[in-house]
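Going down the list, the protein sequences come from chains A and B. Residue numbers for the first sequence follow our numbering, beginning at 18 and rising by one. Residue numbers for the second sequence follow our numbering, beginning at -3 and rising by one. Each residue gets a CB set at the ideal place from its N, CA and C atoms; glycine is no exception. Here's the structure we're looking at; comments come further down.
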Amino acid sequence: MGIFSPGFVGRRRDANPLLPPGQYEVTNFPVLSAGPTPKVTKDDWALSIRAQDGSVKAWNWATLMQNPIDDITVDLHCVTRWSQFGMGWRGVSLDHLFEGVDTSAQFAMASSYGGYTTNMQTTDLVGSKAWIAFQFDGEDLAPAHGGPARLLVPHLYLWKSAKWINRITLMDHHELGFWEQYGYHDIGDPWKEERYS
Amino acid sequence: MTRGRRSAIPEWQAARLVAAHDETATARTLVFDIPGWPGHLAGQHVDVRVTAPDGYTASREYSIASGEVDAPPPDLPAMPDSGVNVELSVEELDDGEVSPYLVRGLEVGDHLEVRGPVGGYFVWQPSQTEPVQLIAGGSGVVPLMSMLRTHAAAGHPSPMRLLYSVRGPQFAFYAEELQRIAAASGGAVTVDYVYTRTAPAGADRSVGRLTLEELSTLALPASASPTTYLCGPNSFVESVSQWLLALGHPAECIFTERFGGA
C-alpha cells in the first residue's frame, strides 16, 4: 500500500516461521472474556454432544476421565494478535468422545457455561485436531482460562477454543456463534489470517 | 444477543496523525484523520499497523477514545482531510514494540494504517436508557471515555457513573475533560477516583486498591438495574466482576474487557 510510518524500525524479534502473519509472541497467557468468569466446579461440570439426528452423548467429570488422556504441546494464536509457543496441555481428544456419533453434519456449535458460543466446521473438531482440555502447564485449568475444562482447537484462532465448554451441537445448517456475529471470521485459520469476515 | 452493528470489517486504510498530546508521562493521545472511516460505536477497537521503510510491519489493537461516529453517507467522496477524526490513547508498555513508537516516535503528519472498527459487544449506545456504571483500571478508561463522550454529545439524561482506579493523579487520563463533562451533565455523570499508590493532598481516602466495601458504596447498586462496563488489567477485572456478582448484579449486565495475563 506504500504507507510507511517514518522512524518505525520494530524489534524484528517476530521474524519467526512459527508465527502466523500479523501476530507477535508473548510469554504470558493473556485473558480475554466478554463477561464475568463463570464458577463451575468439577462436581457440577457436564458435557454433551448432540448429533444432527437428535441423539445425545453426555459426560460428567468422572466419565470424561475414563477416556484416554493426551499430553499436548501446541502453539496458540489469538485474534487480538498475540501468540504463545509450546504451551503444555492435558485433555481428552474429541475423537474419543465422537466415537459412535454420526459426524457427517457439516456444522458444529460449541456452547459454554455463561452463554458463550462459537461455530466451526465439524471437520475442525475431528482427526486429532481438538480436545477437551482440563490442565495447563501441569496445573488444573484456572477458571479465568476456562476451567474446569475448555475446548482446545489449536489450529484455529483461540476464540474458537470455547472456555467453560458445556455442549457441542452438530447441525446440518450454518449458524454464527458469539464473536462470529460481530464480524469475526467463520473459519478463523491464523495461517490464512482469517480474522474478520 | 447481538448488540452492535453487524457490518463487515473493512480492509486496511490510511490514517494521518493530525494532533497529539501527552496524556500522562507514559501515555499519549493521538488524533487521526481517516478518510472513509465507516464510523464506530462507543467501546469499539481498531487494529493499527505500522510499516518500516523496508516493509516490516507490526500490528496491535487499541481501544477508541473518541465518541461514537455515524457511518458517512455513501455518496461522500473520501477527501484528504475528511474531518472524520478518531482518537486513541496509548500507554507505553515496557518491552512494547508498537506502543513506544506511537507514544514517542510518530509525528503529526505521519501516516499509519488502521482496520476497523472491531468488536461490537462491549459497546454503549445512546438508545440505551438504563443507568450505566463504568469501572476503569488504569488505561482501561479509554473505551469508557468513548462512552462518556458519546453520552455527553447526546446530552443523554440517564445516569452514567465512572469509578476510576489509577495509581495516582498524575497517571489519570482525561482529568480536566472528565471534570467538565460531569459539571455540564446536570448530575447525570459522576466521576469517582480510587488512587492505589499516591493520592492528592487532602484526599479523604488513604491509598490502596479498591475493596468490595468501597465498590458497594461507589458503584450503582444492583437494585438500580444498571449495565456495568468494566475494563482494566485482568486481575482487576477478575476481582471486581466477581464482587459485582456477589453484590447481586446479573452476569449478563456485566460487560468486561481485560488486558494482560493471569
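Taking residue 213(A) as reference, the option from 114(B), 81(B) and 82(B) with the minimal CA-CA separation is 114(B). Taking CB atoms only, residue 130(A) has no neighbour in chain B less than 8 Å away. Collapsing the DSSP output to three states places residue 95(B) in a helix. The closest CA to that of residue 106(B), considering only 151(B), 30(B) and 241(B), is found on 30(B). For residue 46(B), at least one C-beta of chain A is nearer than 8 Å to its own C-beta. Between residue 118(B) and chain A, the shortest Cβ-Cβ separation is below 8 Å.
In this structure, the beta-carbon distance from residue 131(A) to residue 55(A) falls below 8 Å. Going by DSSP, residue 195(A) is part of no alpha helix (DSSP H) at all; its letter is neither H nor E.
Contact between residue 228(B) and residue 134(B) holds: their C-beta atoms lie close to 6 Å from each other, under 8 Å. Annotation: the continuous alpha helix (DSSP H) that includes residue 139(B) extends over 137 to 149. Between the region 179 to 193 of chain B and the region 130 to 148 of chain B there are three or more C-beta pairs closer than 8 Å, enough to call the two in contact.
Shortest Cα-Cα distance from residue 154(B) to any of 84(B), 109(B) and 223(B) involves 223(B). DSSP places residue 25(B) within a strand segment (E or B) once states are collapsed to three. Per DSSP, residue 179(B) is not a residue of any beta strand (DSSP E); the alpha helix (DSSP H) it occupies stretches across 171 to 180. From the beta-carbon of residue 252(B), the residues of chain A found nearer than 7 Å are 50, 51, 52 and 53. Judged by DSSP secondary structure, residue 230(B) falls within the alpha helix (DSSP H) whose first and last residues are 230 to 242.
The beta carbons of residue 101(B) and residue 24(A) sit about 5 Å from each other, so the pair counts as a contact at 8 Å. For residue 133(B), the beta-bridge partners assigned by DSSP are 161(B).
When Cβ pairs closer than 8 Å are counted between the two stretches, the region 19 to 39 of chain B is seen not to touch the region 63 to 73 of chain A, the count staying below three. Contact between residue 45(B) and residue 103(B) does not hold, since the beta-carbon distance rounds to 17 Å and is not under 8 Å. Collapsing the DSSP output to three states places residue 113(A) in a helix.
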